[in-house]
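Protein chains in written order, with UniProt numbering: chain A, 1 to 496; chain B, 1 to 499.
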Amino acid sequence: MSVLAWIVATPLLGAVLIALARRPFTRDLTLLLIALATLAQVLPLISPVLAGERPAVTLATVMPGIDITLSVEPLGLIFALVASILWVVASLYAIGYVRANALPAPKRFHACFALAIGAALGVALADNLFTLFLFYETLTLTTYPLVTHGGSPEAVRAGRVYLGILLSTSIGLFLLGIVWVFSLTGRLDFVPGGLLNGVIEGPALAVLLGLFVFGIGKAALMPVHRWLPAAMVAPAPVSALLHAVAVVKAGVFTVLKVIVYTFGPDLLANTPAAHWLMYVAGFSVIAASLIAWRQDNLKARLAYSTISQLAYIVLGASLFVPAALTGAAVHLVAHAFAKITLFFAAGAITTATGMTRVSQMNGLGRRLPWTMAFFSIAALSMIGVPPTAGFVSKWLLLGGAFDAQAWVAVGVLILSTVLNAAYFLPIVHAAWFRPPSADPPDDDSHEAHGAHAHGAVSRTGEAPFLLLLAMGLSTLGVGALFVWPDLPVALARSLP
Amino acid sequence: MTLLAHLPPLQMVLPLMAGPVCLLLGRPRLCAVWALAVAGACLAIALTLLGQILDTGVISYHVGGWEPPWGIELRLDALSGLMLSLVSAIAVVVLLYAPASVRHEIPADRQGLFYTLFLLNLAGLLGMCTTGDAFNLFVFLEISSLSTYTLVSLGRGRSALRAAYVYLVLGTVGATFYVIGLGLLYMITGTLNMVDLAQHLVNADNPRTLLVGAGFVVVGLSIKLALFPLHKWLPGAYTHAPSVVSAFMAATGTKVALYVLLRLAFTVLAPSFSALHLPHPVTVEGMALILGLTGMISASVSAFLQTDLKRMLAYSSVAQIGLMVAGAALLTPTSVTGSLVHLINHAVLKATVFLALGGVLMRLGSVRLEDLAGAGRRLPLTMGAFLLGALSLVGIPGTAGFIGKWTLLLAALEQDRWGVAVLIGAGSLLTLAYVWRVVEVAWLRPAPAQAARVPEIPLSMLVPLGVVGVANLVFGVYTAPTLGLARAASTALLGGATP
Numbered sequence: 001m002s003v004l005a006w007i008v009a010t011p012l013l014g015a016v017l018i019a020l021a022r023r024p025f026t027r028d029l030t031l032l033l034i035a036l037a038t039l040a041q042v043l044p045l046i047s048p049v050l051a052g053e054r055p056a057v058t059l060a061t062v063m064p065g066i067d068i069t070l071s072v073e074p075l076g077l078i079f080a081l082v083a084s085i086l087w088v089v090a091s092l093y094a095i096g097y098v099r100a101n102a103l104p105a106p107k108r109f110h111a112c113f114a115l116a117i118g119a120a121l122g123v124a125l126a127d128n129l130f131t132l133f134l135f136y137e138t139l140t141l142t143t144y145p146l147v148t149h150g151g152s153p154e155a156v157r158a159g160r161v162y163l164g165i166l167l168s169t170s171i172g173l174f175l176l177g178i179v180w181v182f183s184l185t186g187r188l189d190f191v192p193g194g195l196l197n198g199v200i201e202g203p204a205l206a207v208l209l210g211l212f213v214f215g216i217g218k219a220a221l222m223p224v225h226r227w228l229p230a231a232m233v234a235p236a237p238v239s240a241l242l243h244a245v246a247v248v249k250a251g252v253f254t255v256l257k258v259i260v261y262t263f264g265p266d267l268l269a270n271t272p273a274a275h276w277l278m279y280v281a282g283f284s285v286i287a288a289s290l291i292a293w294r295q296d297n298l299k300a301r302l303a304y305s306t307i308s309q310l311a312y313i314v315l316g317a318s319l320f321v322p323a324a325l326t327g328a329a330v331h332l333v334a335h336a337f338a339k340i341t342l343f344f345a346a347g348a349i350t351t352a353t354g355m356t357r358v359s360q361m362n363g364l365g366r367r368l369p370w371t372m373a374f375f376s377i378a379a380l381s382m383i384g385v386p387p388t389a390g391f392v393s394k395w396l397l398l399g400g401a402f403d404a405q406a407w408v409a410v411g412v413l414i415l416s417t418v419l420n421a422a423y424f425l426p427i428v429h430a431a432w433f434r435p436p437s438a439d440p441p442d443d444d445s446h447e448a449h450g451a452h453a454h455g456a457v458s459r460t461g462e463a464p465f466l467l468l469l470a471m472g473l474s475t476l477g478v479g480a481l482f483v484w485p486d487l488p489v490a491l492a493r494s495l496p
Numbered sequence: 001m002t003l004l005a006h007l008p009p010l011q012m013v014l015p016l017m018a019g020p021v022c023l024l025l026g027r028p029r030l031c032a033v034w035a036l037a038v039a040g041a042c043l044a045i046a047l048t049l050l051g052q053i054l055d056t057g058v059i060s061y062h063v064g065g066w067e068p069p070w071g072i073e074l075r076l077d078a079l080s081g082l083m084l085s086l087v088s089a090i091a092v093v094v095l096l097y098a099p100a101s102v103r104h105e106i107p108a109d110r111q112g113l114f115y116t117l118f119l120l121n122l123a124g125l126l127g128m129c130t131t132g133d134a135f136n137l138f139v140f141l142e143i144s145s146l147s148t149y150t151l152v153s154l155g156r157g158r159s160a161l162r163a164a165y166v167y168l169v170l171g172t173v174g175a176t177f178y179v180i181g182l183g184l185l186y187m188i189t190g191t192l193n194m195v196d197l198a199q200h201l202v203n204a205d206n207p208r209t210l211l212v213g214a215g216f217v218v219v220g221l222s223i224k225l226a227l228f229p230l231h232k233w234l235p236g237a238y239t240h241a242p243s244v245v246s247a248f249m250a251a252t253g254t255k256v257a258l259y260v261l262l263r264l265a266f267t268v269l270a271p272s273f274s275a276l277h278l279p280h281p282v283t284v285e286g287m288a289l290i291l292g293l294t295g296m297i298s299a300s301v302s303a304f305l306q307t308d309l310k311r312m313l314a315y316s317s318v319a320q321i322g323l324m325v326a327g328a329a330l331l332t333p334t335s336v337t338g339s340l341v342h343l344i345n346h347a348v349l350k351a352t353v354f355l356a357l358g359g360v361l362m363r364l365g366s367v368r369l370e371d372l373a374g375a376g377r378r379l380p381l382t383m384g385a386f387l388l389g390a391l392s393l394v395g396i397p398g399t400a401g402f403i404g405k406w407t408l409l410l411a412a413l414e415q416d417r418w419g420v421a422v423l424i425g426a427g428s429l430l431t432l433a434y435v436w437r438v439v440e441v442a443w444l445r446p447a448p449a450q451a452a453r454v455p456e457i458p459l460s461m462l463v464p465l466g467v468v469g470v471a472n473l474v475f476g477v478y479t480a481p482t483l484g485l486a487r488a489a490s491t492a493l494l495g496g497a498t499p
């Protein structure tokens, strides 16, 4: 079997091994080794891809003209790298989280987690729309058990929203778009420069673009974003890796891929009817930020922040100029590292103290100094302050917007930066500079370690070591991407 | 050589003669082995015939050496070959599964009768797919129908009798309509051989009689295949019949009726109908399309409202039949191929879900939605197979059900029929809605506290269930046998439609 097939197969194999593991220790070790093995297979692809090679392997021919084929190209490699690097980090976190919170059915949890990563890697390496769709749907189905893992009526309801929106958009719109493309061209593969160039034009093109952009519900472009806040009932590692990285990035990645390889940026740029996408994405950026501002639940605030940040990527793609596409691809990486850190921190806070709401977080910096330090750095990256990864990608996006002379997009980016600051900085401020509030239990001590004395809800001390380690690694990534952004930028620039 | 030449009649004569032997054998276990052997032989014959057809083209066999149109002709093309293979393969799977399930659901003294009727039913179904004579077809239709009425009545409780009675009445109306229609056509042409009939009908100078005759035939068959709005017999019959019978009926009975409708519509009626002048916006295919799509949507909504899962899947069958009829009514090679490939895949997936429900009924004693709480944990393998079939029913890519939906969507878009495409998508989403209720209850709702631990279903049921379950995945990726055959069959069918 080819390397590409193994990359997708390794997590699937891992899921089986995890399900078979008898002792918790073997289970956790298997998980970690599988994650590392997957990463070890993705890394060697970098230099051939930069050298212009595009290895591919066809696994099966389903119907004439419709194959299951894997291949690797720069954009797919970016996504595959993000997913596999962060899976290793998230595995550490998941192991620590499952143990600290005594999560029920840990084997099912870890196995579904591995399956979902396998599906996300399949999306990354898909060589045609059918293969992509196959893995896209697999990703939806394998994350469903994770969203409903708690089994509470609330989780079941959330699972219904999750599955309902994701599957109805993908079957109702995305599939229709794919069949339309197939009926026009008789093929589905990704072609540099665009498969549809010269095949379709005018309003029909705009409609087809709409089928794809809204059909890819995982990109969470408003108004098909409701599944993402719903999915926040899932345990923290799921929210972190899947609903900040693998699933949503699979969505925006698919949007990017369709714009670059199926439509072709030139075709879209020359079709005025297709320019609506910029306005929709811009609206999504601003509206989601405004909603995030008003959320008190930390995970909900992060979820709406994700929706807004995903729309940045779609916004970058919707300018249809190379510079903005580069910015979009780099933002995919930068946001992944920052947002996973934020969700890690949210989970760590809940694990250590039982808190879930922003209004409870006064003075938290003194109790959880490390966690809140990581949180603050990641929050700065979301705003786009140097020296963080967010600055690089926002810079590139702004450069792209100037390049395209899209002043609306420039305005949206600036306004949203202000809004990002408005909903993240208060948390950072409260954690470090406000005295701990005494309201959860009746406690009169306000001195440095006073909160340790709190009752049943608030446990004492920092988050468990594995959680801190994972957060530290991802925060390191946020900084490293500022200092050495070369690899993602180089990959993104080699897009056709 | 001589035996090979006589395979076409042997195909249906074998189960027809072997059926009553079960009554003599007496002991259920013996009957089961005998029936399975017969079905296996039928499958072997069907596959051999299919190979011959694909090699050398249409097989025409003259019964008793009488030349058609005077004698009875057995006429086998790719579509017949496909149906014969499908029906006998499903029969083998169901008969492998049957002994344990039948022991559980049917009293010992009637089990011999069950196998007899099953083989007679098989003979009728296979006969319908082989014959090239319109009246001979009626005979086989009645053989299969009569045996099915009785099979349904073997179900537990008085409601099975009532369901069988309703089915009997409506089925007889359908059969009578068919004969009346055929009589009218015979009146114009003086022949009953299908090919001959088609040629004579083109030259017939009595369009009104033709129209009425064709109307009776089509309506009669529509009852048999449960096309909306003539589907009322089906939910009751599927719900109250023994599990194996539901599975076999759902996978083959209505499919063969659909085959007969397609055969008569395309081979016999299409050439003369294209010459008829119906009032402007009305066309035959337009009516079929509207009925098919309406049936698909309305039956899916009905399925959503059911709490008995067998009844839910019965409505789902009505919906999928509507989809197949609508596909065929688009009249393009792609759409007919899509319709036929969906026919094959739907047979596989409906066999999966009904056989899985048979296992649930055996272990949990009920297939009502509320009694399935925690079933996913209590019967992981059985419910796992159910999930595979259910995903296939929704049309998730990678499963068999996706192939047909894809082809039908493609056919709709090739003709710029956006409405049809959107309705097919909507049908899938409704399917998701009713199927997912089951998933939620079976996996996410905890089992009742007083529920006893139950063992998985016996291996003799689990293996055939696993075979059809995995077939859903195999036919979702490896489509050469399904899509390839459907394409050959659609060419054979449409070859007759274009004069």
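We put the beta carbon where it would ideally sit given N, CA and C, even for glycine. For clarity, every value in this text was computed on a predicted model and none was experimentally measured.
Within 9 angstroms of the CB of Glu462(A), no CB atom of chain B is found; the nearest one sits about 35 angstroms away. The C-beta separation of Gly286(B) from Val318(B) comes to about 21 angstroms, leaving the pair out of contact by the 8 angstroms criterion. Ranked by Cα distance from Val156(A), the options Leu485(B), Val217(B), Val439(B) are led by Val439(B).
Taking Ala231(A) as the centre and dropping the five residues before and after it, the same chain places the C-beta of Val147, Tyr162, His243 closer than 6 angstroms to its C-beta, in chain order. For Val62(A), the uninterrupted beta strand (DSSP E) segment begins and ends at 56-63. Assignment of Ser316(B) by DSSP, reduced to helix, strand and coil, places it in the helix class. If you draw a 10 Å sphere on the C-beta of Val268(B), you find 16 or more other C-beta atoms in it, and that means buried.
DSSP places Arg75(B) within a strand segment (E or B) once states are collapsed to three. Partner residues in the beta bridge of Thr131(B), as assigned by DSSP, are Leu74(B). At the C-beta level, Gln309(A) and His275(A) stay beyond 8 angstroms of one another.
Within the DSSP bridge table, the entry for Ala126(A) names Leu70(A) as partners. Rounded to whole angstroms, the separation of the alpha carbons of Ala39(B) and Ser88(B) is 6 angstroms. A residue is called buried once 16 or more other Cβ atoms fall within 10 Å of its Cβ, and Thr148(B) is buried on that count.
DSSP places Tyr261(A) outside any beta strand (DSSP E), giving it a letter other than H or E. From the beta-carbon of Gly172(A), the residues of chain B found nearer than 9 angstroms are Val422, Gly425, Ala426, Ser428, Leu429. In the same chain as Ala379(A), and ignoring 5 residues on each side of it, the C-beta atoms closer than 6 angstroms to its own belong to Phe424, Val428, in chain order.
Residue-level contact check: Thr307(B) does not touch chain A, since none of the beta carbons of chain A fall below 8 angstroms from its beta carbon. In this structure, Val260(B) keeps its C-beta atom at 8 angstroms or more from the C-beta atom of Leu230(B). Counting other Cβ atoms within 10 Å of its Cβ, Glu73(B) reaches 16 or more and is therefore classed as buried. Under the three-pair Cβ rule at 8 angstroms, the segment 132-140 of chain B does not count as touching the segment 23-30 of chain B.
Within the DSSP bridge table, the entry for Arg160(A) names no partner. For a Cβ distance threshold of 9 angstroms, residue set Ile403, Trp406, Thr407, Thr479, Leu483 of chain B lies close to Met63(A), ordered along the chain. Look at the segment 126-148 of chain B: it has no residue with a C-beta under 8 angstroms from a C-beta of chain A. Taking a C-beta distance under 8 angstroms as the contact criterion, Gly215(A) and Phe263(A) do not qualify as a contact pair. Within a 10 Å sphere around the beta-carbon of Ala102(A) sit fewer than 16 other beta-carbons, which makes this residue exposed. Under the rule that a run must span 4 or more residues, the alpha helix (DSSP H) segments found entirely inside the segment 154-226 of chain B read 158-189, 194-203, 207-225. By the rule that beta-carbons nearer than 8 angstroms mark a contact, Ser91(A) does not touch chain B. In the pairwise beta carbon analysis, the segment 49-67 of chain B is classified as not touching the segment 103-114 of chain B: fewer than three pairs are separated by under 8 angstroms. Around Gly398(B), the beta-carbon contacts reaching into chain A at under 8 angstroms are Leu134, Glu137, Thr138. Residues of chain B whose Cβ lies closer than 7 angstroms to the Cβ of Ser376(A) do not exist, since the nearest Cβ in that chain is about 38 angstroms away. Listed along chain A are Ser183, each with a C-beta nearer than 8 angstroms to that of Glu414(B). At the C-beta level, Asp403(A) and Ala323(A) come within 8 angstroms of one another.
Within chain B, the residues Leu429, Leu432 have their CB atoms less than 8 angstroms from the CB of Ser168(A), given in chain order. Taking all protein chains in view, the Cβ of Arg357(A) is surrounded by fewer than 16 other Cβ atoms within 10 Å, so the residue is classified as exposed. Here the alpha carbons of Phe482(A) and His331(A) stand approximately 12 angstroms from one another.
When secondary structure is reduced to three states using DSSP, Ile396(B) falls in the coil class, being assigned neither helix nor strand.
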